[in-house]
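Enquirer:
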Amino acid sequence: MGKKEFAKNLMDYIYSSPTAFHAVETSEVLLKENGFKELESDKKWSIEVGGKYYVTKNSSALIAFTVNSESIENEGFRIIGSHSDSPTFRIKPNAEMSVENTYLKLNTEAYGGAILSTWMDRPLGVAGRVVLKSESVLRPAERLVNINKPICIIPNLAIHMNRNINEGYEFNKQRDMLPLVGLLNETLEKDNFLLNAIANELSVDIDEVIDFDLFLYEFEKGSLIGPNEEFISIGRLDNLSMAHASLHSLIDTKGQNGINVTAVFDNEEVGSSTKQGADSNMLINILERVCICLGKTREEFFTALYSSFMISADLAHAVHPNMTDKHDPTTRPVMGKGPVIKINANQAYTSDGYSISVYKNICREAGVEYQEFVNRSDVRGGSTIGPISSTHIDIPSVDIGSPILAMHSIRELGNVEDHYSIYKTFSKFYEI
Numbered sequence: 256m257g258k259k260e261f262a263k264n265l266m267d268y269i270y271s272s273p274t275a276f277h278a279v280e281t282s283e284v285l286l287k288e289n290g291f292k293e294l295e296s297d298k299k300w301s302i303e304v305g306g307k308y309y310v311t312k313n314s315s316a317l318i319a320f321t322v323n324s325e326s327i328e329n330e331g332f333r334i335i336g337s338h339s340d341s342p343t344f345r346i347k348p349n350a351e352m353s354v355e356n357t358y359l360k361l362n363t364e365a366y367g368g369a370i371l372s373t374w375m376d377r378p379l380g381v382a383g384r385v386v387l388k389s390e391s392v393l394r395p396a397e398r399l400v401n402i403n404k405p406i407c408i409i410p411n412l413a414i415h416m417n418r419n420i421n422e423g424y425e426f427n428k429q430r431d432m433l434p435l436v437g438l439l440n441e442t443l444e445k446d447n448f449l450l451n452a453i454a455n456e457l458s459v460d461i462d463e464v465i466d467f468d469l470f471l472y473e474f475e476k477g478s479l480i481g482p483n484e485e486f487i488s489i490g491r492l493d494n495l496s497m498a499h500a501s502l503h504s505l506i507d508t509k510g511q512n513g514i515n516v517t518a519v520f521d522n523e524e525v526g527s528s529t530k531q532g533a534d535s536n537m538l539i540n541i542l543e544r545v546c547i548c549l550g551k552t553r554e555e556f557f558t559a560l561y562s563s564f565m566i567s568a569d570l571a572h573a574v575h576p577n578m579t580d581k582h583d584p585t586t587r588p589v590m591g592k593g594p595v596i597k598i599n600a601n602q603a604y605t606s607d608g609y610s611i612s613v614y615k616n617i618c619r620e621a622g623v624e625y626q627e628f629v630n631r632s633d634v635r636g637g638s639t640i641g642p643i644s645s646t647h648i649d650i651p652s653v654d655i656g657s658p659i660l661a662m663h664s665i666r667e668l669g670n671v672e673d674h675y676s677i678y679k680t681f682s683k684f685y686e687i
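Under my numbering, the first residue of the sequence shown carries the number 256, and numbering increases by one thereafter.
Structure below.
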């Protein structure tokens, strides 16, 4: 697959993944098509050398792995971690609201740190997980739903009524950011609008719906833009682009040593402190369970663990062409020049001299340029799953990512060359 085809494949992957739940479902389809077998957490596992497997958690996180050799106690795990979630708006219970006995809107709550203004005046869809009645009280059924049409929109207030908006306006999440659905009439009623829409989409009776986890997403698909189609314009690049690159690297690479692992966590945008987040024992429990299934002792599990390396893959900030002063004066990554190694003195990233050197070696082996990123010393930046994972799995780890613009906008801007380059480094990591 060429660079541009790989970028188009990424856009298809993202568009099929409007929520973290759908990202896992899309990933499952990809893995199954390439010979991976699903393991269920509450069932006994059977694992063998040469096998390809995956396991999910909460339907919104996924760990896939290939068993390359018998000698994992000496060769360890090669782990690439990313996350499935992105900033959005979650629909609240009892969400329907009428205004002036005319408009129907939905009550929502912001999820993560979105650039709020970018959500205005965009056609929005609704997608997520629906929980249905089943024969078991303790195990209700789950279905994914995607109301795949522009069902709502968050309209701006006219400038005539908000004269200072271009001088800086603080959007109120409860007042300004509620989506408008439509006009109330005999075909659109306030009561149970959402439940009826879900039931209709899933072809079930409304009484079967117990609860839901539903989110807004931008309905319009992304595109390649620029004179040479060098840019990728789409939402949720952060961080589905890293999940996409790591999954394809896992599938395409014929590893020889140890176990190759792709971990796609959920809830990074809200702190990772969930059972399916990086601040849990999900990953380390699965790694230990794999060792047990391969007949390894607990001592051999620890030697395998401390023979391992982890890449925390999350996107990085490219120098903005209109605001170049926002970046460090000497360390200035740009789009099109390869993966970015992220460094922070206060450990917002896990990169240190040792782990950075390992990733630089991987880049050289893959024939890929690399860059480095540090924040201005007077600016507090973000963080990743890297430092959080390190509190549970204490192995060398490096934070890297493709450079993009407009991070956390409803529509982010990446680069075709960079996405392919990072895929090449992931593949080399799994191969060596």
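Backbone N, C-alpha and C fix where the C-beta goes; we use that ideal spot for every residue, glycine too. Just so it is clear, the structure is predicted and the values come from calculations on it, not from any experiment.
Looking at C-alpha atoms only, which residue of 368, 273 and 264 is the closest neighbour of residue 399?
Expert: Here the closest residue by C-alpha is 273.
Enquirer: Just to confirm before moving on: does the CB-CB distance between residue 626 and residue 651 stay below 8 angstroms?
Expert: No, these two residues do not count as a Cβ contact at 8 angstroms.
Enquirer: In chain order, what residues of the same chain have a beta carbon less than 8 angstroms from the beta carbon of residue 561, not counting five sequence neighbours either side?
Expert: Hits under 8 angstroms: 331 and 650.
Enquirer: What does the Cβ neighbour count give for residue 381, buried or exposed, with the cut at 16 atoms within 10 Å?
Expert: It counts as buried.
Enquirer: Determine the DSSP secondary structure at residue 404, reduced to helix, strand or coil.
Expert: Of the three classes helix, strand and coil, the one that applies to residue 404 here is strand, per DSSP.
Enquirer: In this structure, does DSSP put residue 348 in helix, strand or coil?
Expert: Residue state, collapsed to three classes: strand.
Enquirer: Cα separation between residue 535 and residue 529?
Expert: For residue 535 and residue 529, the distance between alpha carbons rounds to 7 angstroms.
Enquirer: May I ask which residues mark the beginning and end of the alpha helix (DSSP H) holding residue 278?
Expert: Note, residue 278: alpha helix (DSSP H), 275-288.
Enquirer: Checking 8 angstroms against the spacing of the C-beta atoms, do residue 346 and residue 363 come in under that value?
Expert: Against a cut-off of 8 angstroms, the Cβ pair of residue 363 and residue 346 comes out as a contact.
Enquirer: Residue 661 and residue 327 look like a contact to me (Cβ under 8 angstroms); what is the Cβ gap, rounded to whole Å?
Expert: Going by Cβ atoms, the distance from residue 661 to residue 327 rounds to 41 angstroms, so no, they are not a contact pair.
Enquirer: Looking only at its own chain, which residues have a Cβ that is under 8 angstroms from the Cβ of residue 435, when we skip the five neighbours before and after it?
Expert: If we look at residue 435 and ignore the five residues flanking it on each side, its Cβ neighbours are 358, 359, 360, 407, 408, 409 and 410.
Enquirer: Just tell me which of 619, 686, 663 and 609 has its CA closest to the CA of residue 653.
Expert: The option with the nearest alpha carbon to residue 653 is 609.
Enquirer: Tell me the residue span of the alpha helix (DSSP H) that contains residue 543.
Expert: Run containing residue 543: 537-548, per the alpha helix (DSSP H) assignment.
Enquirer: Could you check what DSSP says for residue 592 in three-state terms: helix, strand or coil?
Expert: Three-state result, residue 592: coil.
Enquirer: Whole-angstrom Cβ separation of residue 489 and residue 666, contact assumed at under 8 angstroms?
Expert: Yes, they are in contact, since the Cβ atoms of residue 489 and residue 666 sit about 7 angstroms apart, within 8 angstroms.
Enquirer: Less than 7 angstroms between C-beta atoms, sequence neighbours within five positions excluded: which residues of the same chain meet that for residue 405?
Expert: Correct list, in chain order: 378, 379, 380 and 474.
Enquirer: Quickly, what does DSSP pair residue 472 with across the bridge? List them, please.
Expert: 380, per the DSSP bridge assignment.
Enquirer: On the three-pair Cβ rule with 8 angstroms, is the segment 491-506 touching the segment 412-425?
Expert: As far as the Cβ criterion goes, the segment 491-506 does not touch the segment 412-425, which means the pair count is below three.
Enquirer: Among 424, 385, 491 and 391, whose alpha-carbon lies nearest the alpha-carbon of residue 451?
Expert: Per the Cα distances, 385.
Enquirer: Count the other CB atoms within 10 Å of the CB of residue 287; is the residue buried (16 or more) or exposed (fewer)?
Expert: Exposed, because fewer than 16 other Cβ atoms sit within 10 Å of the Cβ of residue 287.
Enquirer: Between which two residues does the beta strand (DSSP E) harbouring residue 337 extend?
Expert: First-last of the beta strand (DSSP E) with residue 337: 332-338.
Enquirer: Do you know offhand how far residue 463's Cα is from residue 387's?
Expert: Distance between the alpha carbons of residue 463 and residue 387 is about 5 angstroms.
Enquirer: Whole angstroms is fine: what's the gap from residue 630's alpha carbon to residue 595's?
Expert: If I take the Cα positions, the gap works out to 13 angstroms.
Enquirer: Below 8 angstroms between beta carbons: does that hold for residue 315 and residue 275?
Expert: Yes. Within cutoff.
Enquirer: Can you check which of these residues, 306, 403 and 429, is closest to residue 352 by C-alpha distance?
Expert: Closest option to residue 352, Cα to Cα, is 429.
Enquirer: Which two residues bound the contiguous beta strand (DSSP E) that contains residue 691?
Expert: Missing from the structure shown is residue 691; the chain here goes from 256 to 687 and no further.
Enquirer: Give me the Cα-Cα distance between residue 402 and residue 453, rounded to the nearest whole angstrom.
Expert: Cα-Cα distance, rounded: 8 angstroms.
Enquirer: If you scan the segment 506-587 from start to end, which runs of the beta strand (DSSP E) of 3 or more residues do you find wholly inside it?
Expert: Listed in chain order, the complete beta strand (DSSP E) runs (minimum 3 residues) inside the segment 506-587 are 514-520 and 564-568.
Enquirer: Considering just the uninterrupted stretch of the alpha helix (DSSP H) at residue 448, what are its terminal residues?
Expert: Taken as a continuous stretch (DSSP letters only), the alpha helix (DSSP H) holding residue 448 covers 448-457.
Enquirer: How far does the beta strand (DSSP E) with residue 478 in it reach, from first residue to last?
Expert: That run of the beta strand (DSSP E) goes 478-480.
Enquirer: Whole-angstrom Cβ separation of residue 310 and residue 294, contact assumed at under 8 angstroms?
Expert: Yes, residue 310 and residue 294 are in contact; Cβ-Cβ is about 5 angstroms, under 8 angstroms.
Enquirer: Here's the rule: buried if 16 or more other CB atoms are within 10 angstroms of the residue's CB, otherwise exposed. What is residue 480?
Expert: Per the 10 Å Cβ criterion, exposed.
Enquirer: Please state whether the Cβ-Cβ distance between residue 477 and residue 266 is less than 8 angstroms.
Expert: Going by C-beta atoms, residue 477 is nearer than 8 angstroms to residue 266.
Enquirer: Looking at residue 614: is its Cβ nearer than 8 angstroms to the Cβ of residue 504?
Expert: Going by C-beta atoms, residue 614 is not nearer than 8 angstroms to residue 504.
Enquirer: Which class does residue 322 belong to by DSSP, given the choice of helix, strand or coil?
Expert: In this structure, residue 322 counts as strand in the three-state DSSP scheme.
Enquirer: Provide the residue span of the beta strand (DSSP E) that contains residue 299, from first to last.
Expert: Segment: none, residue 299 is in no beta strand (DSSP E) and carries neither H nor E.
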